[in-house]
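Undergrad:
Number of protein chains: 2
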Amino acid sequence: MNRVFFEEPATFSGSNNGDRPAGLRDAYPSYASKRRALEIQLVDYFEQRGCSLVSASAIESLDTFWRAKTSLSVDDAYQILMAPGKLAVLRPEMTPSIARMAAPVLQQHPQPLYWCYAERVYRKPGSVSSWSELAVDAVESTQVGVEWMGVSEAADADLLLLCHEALQQLSVQGARTVVSHARLAVLFLNAAGISEDVIAKSLQQLVRGDYVGFQELMMTYHPSVSLLTCLRQLNPYDSESLERQLERCGQAVQKNTELYQVWNTVVSIAKQITELGRQQEYTFDFTLTRNIAYYTGILFETFAPGVGAPIALGGRYDELLKQYGADAPAVGFVLELERLLNVVASTTNRGGESLC
Amino acid sequence: MNRVFFEEPATFSGSNNGDRPAGLRDAYPSYASKRRALEIQLVDYFEQRGCSLVSASAIESLDTFWRAKTSLSVDDAYQILMAPGKLAVLRPEMTPSIARMAAPVLQQHPQPLYWCYAERVYRKPGSVSSWSELAVDAVESTQVGVEWMGVSEAADADLLLLCHEALQQLSVQGARTVVSHARLAVLFLNAAGISEDVIAKSLQQLVRGDYVGFQELMMTYHPSVSLLTCLRQLNPYDSESLERQLERCGQAVQKNTELYQVWNTVVSIAKQITELGRQQEYTFDFTLTRNIAYYTGILFETFAPGVGAPIALGGRYDELLKQYGADAPAVGFVLELERLLNVVASTTNRGGESLC
Numbered sequence: 032m033n034r035v036f037f038e039e040p041a042t043f044s045g046s047n048n049g050d051r052p053a054g055l056r057d058a059y060p061s062y063a064s065k066r067r068a069l070e071i072q073l074v075d076y077f078e079q080r081g082c083s084l085v086s087a088s089a090i091e092s093l094d095t096f097w098r099a100k101t102s103l104s105v106d107d108a109y110q111i112l113m114a115p116g117k118l119a120v121l122r123p124e125m126t127p128s129i130a131r132m133a134a135p136v137l138q139q140h141p142q143p144l145y146w147c148y149a150e151r152v153y154r155k156p157g158s159v160s161s162w163s164e165l166a167v168d169a170v171e172s173t174q175v176g177v178e179w180m181g182v183s184e185a186a187d188a189d190l191l192l193l194c195h196e197a198l199q200q201l202s203v204q205g206a207r208t209v210v211s212h213a214r215l216a217v218l219f220l221n222a223a224g225i226s227e228d229v230i231a232k233s234l235q236q237l238v239r240g241d242y243v244g245f246q247e248l249m250m251t252y253h254p255s256v257s258l259l260t261c262l263r264q265l266n267p268y269d270s271e272s273l274e275r276q277l278e279r280c281g282q283a284v285q286k287n288t289e290l291y292q293v294w295n296t297v298v299s300i301a302k303q304i305t306e307l308g309r310q311q312e313y314t315f316d317f318t319l320t321r322n323i324a325y326y327t328g329i330l331f332e333t334f335a336p337g338v339g340a341p342i343a344l345g346g347r348y349d350e351l352l353k354q355y356g357a358d359a360p361a362v363g364f365v366l367e368l369e370r371l372l373n374v375v376a377s378t379t380n381r382g383g384e385s386l387c
Numbered sequence: 032m033n034r035v036f037f038e039e040p041a042t043f044s045g046s047n048n049g050d051r052p053a054g055l056r057d058a059y060p061s062y063a064s065k066r067r068a069l070e071i072q073l074v075d076y077f078e079q080r081g082c083s084l085v086s087a088s089a090i091e092s093l094d095t096f097w098r099a100k101t102s103l104s105v106d107d108a109y110q111i112l113m114a115p116g117k118l119a120v121l122r123p124e125m126t127p128s129i130a131r132m133a134a135p136v137l138q139q140h141p142q143p144l145y146w147c148y149a150e151r152v153y154r155k156p157g158s159v160s161s162w163s164e165l166a167v168d169a170v171e172s173t174q175v176g177v178e179w180m181g182v183s184e185a186a187d188a189d190l191l192l193l194c195h196e197a198l199q200q201l202s203v204q205g206a207r208t209v210v211s212h213a214r215l216a217v218l219f220l221n222a223a224g225i226s227e228d229v230i231a232k233s234l235q236q237l238v239r240g241d242y243v244g245f246q247e248l249m250m251t252y253h254p255s256v257s258l259l260t261c262l263r264q265l266n267p268y269d270s271e272s273l274e275r276q277l278e279r280c281g282q283a284v285q286k287n288t289e290l291y292q293v294w295n296t297v298v299s300i301a302k303q304i305t306e307l308g309r310q311q312e313y314t315f316d317f318t319l320t321r322n323i324a325y326y327t328g329i330l331f332e333t334f335a336p337g338v339g340a341p342i343a344l345g346g347r348y349d350e351l352l353k354q355y356g357a358d359a360p361a362v363g364f365v366l367e368l369e370r371l372l373n374v375v376a377s378t379t380n381r382g383g384e385s386l387c
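Those sequence lines, one after another, are chains D and C.
Note that the first sequence covers residues 32 to 387 in our numbering.
Note that the second sequence covers residues 32 to 387 in our numbering.
In structure tokens:
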């Protein structure tokens, strides 16, 4: 038997493929084995780094999905009628399922859980969350993720580093992570005198990347100084920058406020990164906002040259596990395999052969 | 970081688990990594044996599903509304998807394809096909499969052997395969004078394992001899047994009929098995019938001590690829991972550690 390699036949590729529902792709030989080798390398690496593999069914209850309060509406996920009157969804993301699985374990044994997974997720093309995934309007995508649960903010820098270390294992060159915090823009704008309902509206503009709209809205309330510029000049590598930007807005804020607490968190992360001499890999940008309501702390997106959408995304979700019965903080990230395949130019698989 | 292993919490296991739709199971650490190691071992092995990995989306078009003419009705599969008026299914089995993918490749390059896959399939509990999978009334199961397409009956014995060789790699002890042929019972009963409509009815009894009902029905038409016994005594290891059983029924059949053609096929498989001295691993039983209409040649089920349902199933489907545009014969089988995990008692994973 000779091994035969075939790429997807031209007549059957793309969304015009007669029989295939739009957005579904088949993985033909070579592509399928590259993706699999990548998945195995990543899971092996996360297991070496102390994570335990778990797996959850692709079918998730509506209840689990709703409790997570994601930005996705039930209409963004594919719905399945499990039995008369019983709807479920094809999971559009993994974190709620992992949190649901972890909650009873954390209740019984309140000690940190370091979990990883390699699973497929399913999203309707054009759903809110796929805005940030424009690179491929894919219905099905493969994710390898890490979730550290029962783990405080002190671990955030380690998680950020783990993500890049995993990419280094794959010989991905030039990965850059943009780090933000779910609360910082809100607290800063509030300290600058913007009311909460205006802030809510302005954050939606940031989620959509509508910086012009954001700028205009802010000018209405705070004409003397560009709050967008102030936000962008908040730089945790320079711990004094918060105070400077507040002064620029004509504000003085008590050091014991929530704003300073959050600031200290990101400054501490910046310090750890600096100590390792890896500042060039991690940029802070507090205009980065994500429309997933469960993020409570840091959130980040990782990019690599040549891919227009993040190859990794993550953040802290300290309130999510409560929804499933355990009051525990947590942080995690996910790597998008189909995007990663665009940048894994030359690395080796387990047998020592070239992956690509 | 210490690695922490947890089995599924008792309060969250089983079908009474509050939030989980019935039949869905989470895989907690240790179980998840065992299943994954098994999957990797099998895919690695099939790749070594010349198969190329492919992957298909879990969402399959209704059209692909219908064309396969499986025994499953659309009500046995979970349906997904992809867009207004556009229904798809969560695939209940892999073969139709693989055949759909392979057909255009075979049309362009008419040479054999040796493919393998590792995927999840989804079936409603209580659907027809889950009758033979009673061990676990699982909605989601993991399959590693092999499909040889553009490959004639001459390869059947090799495929049967490959299945056992894969199990040997996993150190599965005592695997036994029951081999049948989609046409033999029909042709034999027909030669014995049973009419086609009665045969169709009687085969449904065999599918359900209702041997008493089959016996009674046959006695009505052929009271002098037990056709069930005759069928069971057809033994390709003894090539004269067909003639003997026909004589017992008072029939003489021309050697150039379809019955003898099919018989020669299974006798040839038996000879190859005998030459390797492996007769004790493969039993022929032509009362084994499966309710999947696309099987045209051999069909088989593999069992291992301690598991009540087949750990592997397969067969020949020479008419299926036509449904997707390529007239090519094909044969394949699938290993059921969750069942296999019950018998993989002690084997090693890639790192040399014990799997269980």
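For each residue, glycine too, the CB sits at the ideal point set by N, CA and C.
1) With a threshold of 7 Å on Cβ separation, who are the neighbours of D/S86 within its own chain once the five nearest residues in sequence on each side are excluded?
2) Since C/T126 contacts C/E178 with CB under 8 Å, what's their CB separation in whole angstroms?
3) Would C/V85 pass as an interface residue toward chain D - the criterion being a Cβ-Cβ separation below 7 Å?
4) Between C/F77, C/C194, C/I230, C/D189, which has its C-alpha nearest C/K302's C-alpha?
5) Would you verify that the beta carbon of D/E289 is, or is not, closer than 7 Å to some beta carbon of chain C?
6) Buried or exposed: which applies to D/V105, given that a residue is buried once 16 or more other Cβ atoms fall within 10 Å of its Cβ?
7) Alpha carbon to alpha carbon, how far is C/E196 from C/R275? Give it in angstroms, no decimals.
8) In whole angstroms, give me the CA-to-CA distance for D/Y145 and D/A89.
9) Is the Cβ-Cβ distance between C/E289 and C/L218 less than 7 Å?
10) Roughly how far, in whole angstroms, is the beta-carbon of C/A133 from the beta-carbon of C/L366, given that I think they are within contact range, below 8 Å?
11) Anything in chain D within Cβ reach of C/R370, meaning under 8 Å, just list it in chain order.
12) In chain order, what residues of the same chain lie with their CB nearer than 8 Å to the CB of D/Q236, ignoring the 5 residues before and after it?
13) Measure the C-alpha to C-alpha separation of C/A20 and D/Y326 and round it to an integer number of angstroms.
14) So what's D/Q282 in DSSP terms, helix, strand or just coil?
15) D/R263 by DSSP, collapsed to three states: which one?
16) Using a threshold of 7 Å, state whether the C-beta atoms of C/V152 and C/E124 are closer than that.
17) I'd like the span of the alpha helix (DSSP H) that includes C/R98, first residue to last.
18) If you count every other CB in all the chains shown that lies within 10 Å of the CB of D/D187, and 16 or more means buried, which is it?
19) Can you find at least 3 beta carbon pairs, one from the region 219-226 of chain C and one from the region 354-372 of chain C, that sit closer than 8 Å?
20) Could you list which residues in chain C have their beta carbon closer than 9 Å to that of D/D57, in chain order?
21) Can you find a CB in chain D that lies within less than 7 Å of the CB of C/R122?
22) With which residues is D/H31 paired in a DSSP beta bridge?
23) Would you please verify whether the beta carbon of C/P156 is less than 7 Å from any beta carbon of chain D?
24) Between the region 94-119 of chain D and chain C, which residues of the former have CB atoms less than 8 Å from a CB of the latter, in chain order?
25) Just the chain D side, please: which residues come within less than 7 Å of C/A63 by C-beta, in chain order?
26) Taking 7 Å as the threshold (C-beta atoms), are D/L330 and D/R321 in contact?
27) For the alpha helix (DSSP H) containing D/F77, name the first residue and the last one.
28) Check whether the Cβ atoms of D/P267 and D/V298 lie closer than 7 Å to each other.
29) Let's test the definition: count the other Cβ atoms within 10 Å of the Cβ of C/P141 and tell me whether it reaches 16, buried, or not, exposed.
30) Reducing DSSP to helix, strand and coil, say where D/S160 ends up.
31) Using the beta-carbon count (16 or more within 10 Å), is D/S233 buried or exposed?
32) Give a yes or no on whether the minimum CB-CB distance between D/E171 and chain C is below 7 Å.
33) Would you tell me roughly how many angstroms separate the C-alpha atoms of D/G181 and C/Q200, rounded to the nearest one?
34) Report the neighbours of D/P60 on chain C: residues whose CB is nearer than 8 Å to its CB, in chain order.
35) Just the C-alpha distance for C/G136 and C/V362, rounded to the nearest angstrom, thanks.
36) Using a Cβ cut-off of 7 Å, pull out every chain C residue sitting near D/R151, in sequence order please.
TA: This is what the structure holds:
1) Y148, E150
2) 7 Å
3) yes
4) C/D189
5) no
6) So D/V105 counts as exposed.
7) 34 Å
8) Straight-line Cα distance between these residues: approximately 21 Å.
9) yes
10) In fact, because the Cβ distance is near 19 Å, the residues do not count as touching under 8 Å.
11) Listed along the chain, the chain D residues whose CB falls inside 8 Å of the CB of C/R370 amount to none; the nearest CB is some 16 Å away.
12) Y242, G244, F245, L248
13) The question about residue 20 of chain C has no answer, for chain C in this structure spans 32 to 387.
14) coil
15) helix
16) Yes. Within cutoff.
17) 93-98
18) buried
19) no
20) V85, S86, A87, S88, S128, R131, M132
21) no
22) Outside the modelled stretch of chain D, which goes from 32 to 387, sits residue 31 of chain D, for which no answer is possible.
23) no
24) D94, T95, Y109, Q110, I111, L112, M113, A114, K117, A119
25) Residues of chain D whose Cβ lies closer than 7 Å to the Cβ of C/A63 are, in chain order, L84, V85, S86.
26) yes
27) DSSP places D/F77 inside the alpha helix (DSSP H), whose first and last residues are 62-79.
28) Cβ distance < 7 Å, so D/P267 and D/V298 count as in contact.
29) exposed
30) Because D/S160 carries a pLDDT of 49, less than 50, the predicted location of this residue cannot be relied on, and the following value inherits that uncertainty. Note: D/S160 maps to helix in three-state DSSP.
31) Counting Cβ neighbours within 10 Å, D/S233 comes out buried, since at least 16 surround it.
32) yes
33) 39 Å
34) S83, L84, V85, W146
35) Looking at the sequence itself, residue 136 of chain C is Val, so the reference to Gly does not match. Between C/V136 and C/V362, the C-alpha separation is close to 16 Å.
36) A89
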